[in-house]
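Accompanying notes for the structure given below.
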Amino acid sequence: MAAPSIASLVILLRFIGLFQGWEWAVFDQYMRLRPSESTDERVVIVGLTEDDVKAIGQSVVSAHPYADLLEKLRSQSPRAIGLDIYRDLPVEPGHTALTDLFNTTPYLVGIQKVVGRPGIDTVAPPPALAAKSQVSANDLIVDGDNTVRRGLLSVQDHNGNTVYGLALYLALLYLDPEGIRPETIEGETWQLGQATFSPLQANDGGYIRTDASGYQQLINYRDSKQTFETVSFSDVLNNRLPPNWATDKIVLIGAIGESFKDTFYTPYRSQNLLSLPTLTPGVEIHANLTSQIISAALEHRAMIRSQSETTEYGWILLWATLGALSIWLWSPTGPQLKQRWQRIGFFSSAIAAIPLSTFLPFLHGYWIPAVPALLAFAGSATAVTIYLAYTATNIRRTFGRYLSQEIVTALLENPEGQKLGGERRKITLLTSDLRGFTATSERLPPEQVIKVLNFYLGHMAEVITRYN
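Each residue of the sequence shown is one higher than the last, beginning at 412 in the working numbering.
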């Protein structure tokens, strides 16, 4: 009874969303515990820093530095350039030169902000790039704890048009020379090289009734350290890079300075017991998602997926059952594991198995809920413990009136002895008589007789108890 009851309660509380924050925290911790991955050299970042703004001498950078920057990058023949900076309005000087570069660079992708109230939260794309359909959405999805764990591969604008996310657009430009293009399998599932993509659902992983609009994917961040080579605007403008630094690569251009307010918490950098939380530039998040798509398509690098809800319910029920059994096996009224260290070892191993059985699949891209399993295990174990304690109390209260502590303990150790019919066993009976007791009791008042009996029984009970 304990296992299905506790499992149902845990599933209900999970559906309410009570455990969502805890499951996110476990997800983030698993991210940090994974082995480090190597730097993806196919994706590089040109970051606009505070020092760059000072060197340019403009708080709002005009078009001229961008035109100069793009011209120098274009000379190195990259496969794709993603301009993760809004340029919906002209900022002189240099607007004409920048527009010419937009018109003559087919692998340059601009951005627009799609999600939000039109004219308030949204930002239009560069007109020249919009005319050539070389624009993408750079919207990021922030969870309730202000952490970015999901990315958009595509989203619909307010006119119902599908807009590719910046990461997907750049990845497709990179993969096109390899002859790799998306192929629809069924519904919203499609194949890209060695990878199969399916959109995130509202209750996938640790999410509960989340807004899954657009084509969302969990971001498989590469590492906690800087995973993409990053240079500043000044490095490019002052020719401090090798002549083939960007050749055949994806170049992402974006602001990385604190004052630009384009930084976010991520699983790697949000919470750390040994240091203060740090923020990740938005351009680096787009770089991670871009790298994820390319690595999955070319090298079958794992993407983070979840199981069906039915499978997760079965997983929770399994651990609720194991929790009830673990207590029953070492309880005083259940089958005995005779040694105390065996009991403790069994229970500890079962507890340790939950994070282990969820972390190992996570290394291969499967997000299995650990928190509900742990709560189901502990809840059913607690329920069985309370039931057994209540039963043992009743047994002691009932039989303790008539039997010694040793016999009551034996009954608790072996409930079979409580059944009608008992068991066959060799025992010893002591029958004793007090010599002259009848004559003495006739002579003495009743109070004196009781004193004699209590004196006698006290000594006899002590000896009998000593030898069981």
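Quick reminder that beta carbons are idealized off the backbone N, C-alpha and C, glycines included.
Keep in mind it's a predicted model, so treat the numbers as computed, not measured.
query: Assuming Glu434 is part of the beta strand (DSSP E), what are its boundary residues?; result: Not the beta strand (DSSP E): Glu434 falls in the alpha helix (DSSP H), residues 431 to 444.
query: How many Å lie between Leu512 and Ala478 at the Cα?; result: 7 Å
query: Within 10 angstroms of the Cβ of Asp844, are there 16 or more other Cβ atoms? Answer buried if so, exposed if not.; result: exposed
query: Closest to Val880 by CA distance: which of Arg453, Gln440, His506, Glu434 is it?; result: With the chain covering 412 to 879 only, the question about residue 880 has no answer from this structure.
query: Could you tell me the boundaries of the alpha helix (DSSP H) in which Asp495 lies?; result: It is not in any alpha helix (DSSP H) - Asp495 instead sits in the beta strand (DSSP E) that spans 491 to 495.
query: Of the choices Gln602, Gln628, Thr450, Tyr798, whose alpha-carbon is the least far from that of Asp612?; result: According to the sequence displayed, residue 612 carries Gln and not Asp. The candidate whose alpha carbon is nearest that of Gln612 is Gln628.
query: Drop a sphere of 10 angstroms on the beta-carbon of Lys749, count the other beta-carbons inside from all chains shown, and report buried for 16 or more, exposed for fewer.; result: Caution applies to Lys749, whose pLDDT of 49 falls short of 50 and renders its modelled position unreliable; the value that the coordinates give is listed next. Lys749 should be labelled exposed.
query: Which of the three DSSP states is assigned to Gln747 in this structure?; result: Caution is warranted here: a pLDDT of 49 is assigned to Gln747, below 50, making its placement in the model unreliable, and no coordinate value can be reported.
query: What number of angstroms, rounded off, separates the C-alpha of Trp778 from the C-alpha of Phe810?; result: 51 Å
query: Using only CA atoms, which one of Ile818, Leu540, Ala800 lies nearest to Leu500?; result: Leu540
query: Taking a contact to mean a Cβ-Cβ separation below 8 Å, would you say Pro678 touches Thr510 in this structure?; result: no
query: With burial defined as no fewer than 16 other Cβ atoms inside 10 Å of the residue's Cβ, what is the status of Ile438: buried or exposed?; result: In the sequence as displayed, the identity of residue 438 is Phe instead of Ile. Classification for Phe438: buried.
query: Buried or exposed: Phe430, going by 16 or more other Cβ atoms within 10 Å of its Cβ?; result: buried
query: Would Leu733 and Ala698 be called neighbours here (beta carbons separated by less than 8 Å)?; result: no
query: Measuring CA to CA, which of Thr638, Gln523, Ala491, Ala474 is closest to Ala508?; result: Ala474
query: Do Ile492 and Gly562 have their C-beta atoms closer together than 8 Å?; result: no
query: By the 10 Å Cβ neighbour count, where 16 or more other Cβ atoms means buried, how is Phe788 classified, buried or exposed?; result: buried
query: Let me make sure I understand the geometry here. Which of Glu482, Gln567, Arg498 has the alpha-carbon closest to that of Gly527?; result: Gln567
query: Tell me which residues share the same chain as Ser547 and place their Cβ nearer than 7 Å to its Cβ, disregarding the 5 neighbours each side in the sequence.; result: Val520, Ile522, Val574, Tyr575, Gly576, Leu577, Tyr580
query: Can the beta-carbon of Thr674 be found less than 8 Å from the beta-carbon of Thr450?; result: no
query: Indicate whether Val455 and Thr701 have their beta-carbon atoms separated by less than 8 Å.; result: no
query: List the DSSP bridge partners of Glu640.; result: Val455
query: Helix, strand or coil, according to DSSP, for Leu690 in the structure here?; result: coil
query: According to DSSP, what are the bridge partners of Trp601?; result: Thr595, Phe608
query: Measuring CB to CB, does Gly668 end up less than 8 Å from Glu482?; result: no
query: For the pair the stretch 764 to 771 and the stretch 706 to 720, tell me if three or more CB-CB distances fall below 8 Å.; result: no
query: Between the Cα of Ala784 and the Cα atoms of Ala763, Ile797, Tyr798, Ala803, which residue gives the shortest distance?; result: Ala763
query: So if DSSP puts Leu663 in a beta bridge, which residue, or which two residues, is it bridged to?; result: Ile456, Gly493
query: Cβ of Leu786 within 8 Å of Cβ of Val421?; result: yes
query: Could you check what DSSP says for Thr573 in three-state terms: helix, strand or coil?; result: strand
query: Given that a residue counts as buried once 16 or more other Cβ atoms are within 10 Å of its Cβ, and exposed if not, what is Phe848?; result: exposed
query: Kindly indicate the opening and closing residues of the beta strand (DSSP E) around Ile467.; result: Note, Ile467: premise wrong, no beta strand (DSSP E); alpha helix (DSSP H) at 461 to 467.
query: Taking just the CA atoms, how far does Glu452 sit from Gly776?; result: 22 Å
query: Exposed or buried, which one is Thr689 when buried takes at least 16 other CB atoms within 10 Å?; result: exposed
query: Excluding the five sequence neighbours on either side, which residues of its own chain have a C-beta within less than 7 Å of the C-beta of Pro746, listed in chain order?; result: In this prediction, Pro746 scores a pLDDT of 48, lower than 50, which makes its location untrustworthy; no coordinate-derived value is stated.
query: When you compare the CB positions of Ala666 and Leu480, do they come within less than 8 Å of one another, or not?; result: no
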